[in-house]
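Notes follow the structure.
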Amino acid sequence: MFKKKHIKETEYFEIIIPKYNLEAKHLKNLKGIVNRKELLKLLPKNGIVAEIGVDEGHFTKEILEFNSPNKLHLIDVWNTDRYHQGKREQVEITFKNEIEKEKVVLNLGFSTEVVQDFPDGYFDWVYIDTTHCYKNTLQELEMYSVKIKPGGFLAGHDFIIGNWKGLVKYGVIEAVYEFCIKNNWELIYLTFDYREHPSFAIRKII
């Protein structure tokens, strides 16, 4: 029963999510990267960064290690059973020194609401790892794209069709394709580590 229900939901979302095909211009500068750590090494250092969807802050540590941002905004709501307030408290403990120095700032709330707190052209890059659903991912890409400096990046996790262990359909690929086509952005980096879900990085075509 569980599987039949989720299969029907997956089939439903497969039908209703729009499908777009990228053109050569969206891929001509695409480079394959072995994993997320190597991706971080290619993203701007000493800049202003946002991590949207923080969980316990494991990836936050890597951003601080490899990119040494002048300011890192951690955007999360921590309001579910899986992503609860206890994890937020752990993040506050783990990054206590960085928070006190205002190198790390916690921006509590939904990504699509917190975005209004930032001026346009503010971030060097943003990394999105939230619901993975089509509608929300597309909204995040659209809303945060205007907050990116010229030449900056929108990046994110789970660039895959779905989580088949849980029979959950994702919409990240479709959202990224649609956003790139409608807004003239291109894929720059894509990771290929089979042990972790792929990450992407896109940039405005100049």
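Per my numbering, the sequence shown runs over residues 65 to 270. Glycine residues also receive a C-beta, built at the ideal position from the N, C-alpha and C atoms.
Contacting residues, own chain, Cβ-Cβ under 8 Å from residue i (five flanking each side not counted)
i      : result
Lys160 : none
Glu126 : Arg100, Lys101, Leu104
Ile176 : Before going further, note that residue 176 is Thr rather than Ile in the sequence given. These residues qualify, in order along the chain: Asn200, Gln203, Glu204, Met207.
Opposing strand residues paired with residue i [DSSP bridges]
i      : result
Arg267 : Phe217, Glu250
Thr255 : Ile97
His137 : Ala114, Val169
Proximity of residue i and residue j at Cβ, strictly below 7 Å
i      : j      : result
Val179 : Asn171 : no
Thr201 : Ala239 : yes
Val155 : Gly121 : yes
Spatial distance of residue i from residue j (CA atoms)
i      : j      : result
His196 : Ser263 : 12 Å
Ile35  : Arg100 : In this structure the chain extends from 65 to 270, so residue 35 is not present and cannot be described.
Gly111 : Thr158 : 21 Å
Lys89  : Val113 : 27 Å
Asp119 : Trp249 : 28 Å
Tyr241 : Glu260 : 21 Å
Val236 : Asn227 : 12 Å
Unbroken alpha helix (DSSP H) run spanning residue i, endpoints
i      : result
Lys155 : Checking the sequence, you will find Val at residue 155 rather than Lys. Here the alpha helix (DSSP H) through Val155 covers 149 to 158.
Ile127 : 122 to 131
Own chain residues within Cβ distance below 7 Å of residue i, not counting five before or after
i      : result
Asp184 : Val210, Lys211
Tyr208 : Val179, Val190, Leu218
Start-to-end residues for the beta strand (DSSP E) that takes in residue i
i      : result
Val190 : 187 to 192
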